[in-house]
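Here is the structure we will look at, set down as structure tokens.
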Amino acid sequence: MIDTPDENDTLEWLALMRHYGAPSRLLDWTYSFFVAVYFALVDAQKEGAVWAIDCSWIRSRVKQILGEEEWKK
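The sequence shown begins at 37 in this note's numbering and counts up by one.
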């Protein structure tokens with residue numbers, strides 16, 4: 037039996053649709069550079085791209101903007 041998302045969980049429905057090949061604007065995320073490159077190239081008919089995000093920098097920047105107390109919530 038397939039475990040389906042709740043009826044009102046739009047993001048989960050979109051992710052499930054994307055998993056089965058429906059077109060969407062959702063991005064694929066991974067910690068692995070090699071997995072990212074594979075999925076960028078596997079069915080590529082045009083140019084692809086792999087973007088890297090520095091999570092440590094984002095966390096420190098969010099703490100600066102929100103303050104330490106808001107970050108802990």
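The beta-carbon is built from N, C-alpha and C at its ideal position, and this holds for glycine as well.
Considering only their Cβ atoms, is the gap separating residue j from residue i smaller than 8 Å?
| i | j | result |
| --- | --- | --- |
| G62 | A51 | Note that residue 62 is Leu in the sequence shown here, rather than Gly. Yes, these two residues count as a Cβ contact at 8 Å. |
| P41 | W49 | yes |
| V73 | V86 | yes |
Measuring alpha carbon to alpha carbon, tell me which residue in the options is nearest residue i.
| i | options | result |
| --- | --- | --- |
| T66 | E105, Q100, C91 | C91 |
| A88 | R54, H55, M53, F69 | F69 |
| H55 | F75, E104, E83 | F75 |
Task: Those runs of the alpha helix (DSSP H) which lie wholly inside the stretch 45–102 and span at least 4 residues - done: 46–55, 69–77, 91–102
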